[in-house]
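What follows is a single structure, written as structure tokens, with notes after it.
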Amino acid sequence: AQFPRIGQSINWDKVSMTQLIVAARDLQLLGDIAFRLVDGARDFRDTVHPRAEVREGMRAAHEEAELLLALVKLVYRDLDH
């Protein structure tokens, strides 16, 4: 009910990561640990975006990408149950 809409349909192009995380938790699809870790990392995800190096003068290293990949795997594990 809280996703942006076009008429009666959800406008998936405008749904934010935060909205998806909260919805998954509210629907009990995402456990508390995964929710807290992913919620804390949501602003960090742009660090591995290809334009981040140019836009913010930072370059993500292998370790940052590995950390985010581990979070994706954690979410997948919770959603798979």
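Take the working numbering: the final residue in the sequence shown is number 91, and no numbers are missing along the way. Glycine included, every Cβ here is placed at the ideal spot set by N, Cα and C.
The DSSP assignment places 42-51 as complete runs of the alpha helix (DSSP H) inside the segment 28-62, in order along the chain (cut-off: 4 residues). For a cut-off of 8 Å, the C-beta gap from L81 to L47 is around 6 Å, short enough to register as a contact.
Judged by DSSP secondary structure, H72 falls within the alpha helix (DSSP H) whose first and last residues are 72-90.
A residue is called buried when at least 16 other Cβ atoms come within 10 angstroms of its Cβ; V64 does not meet this threshold and is exposed. One thing to note: A33 has its Cβ no nearer than 8 Å to the Cβ of L84.
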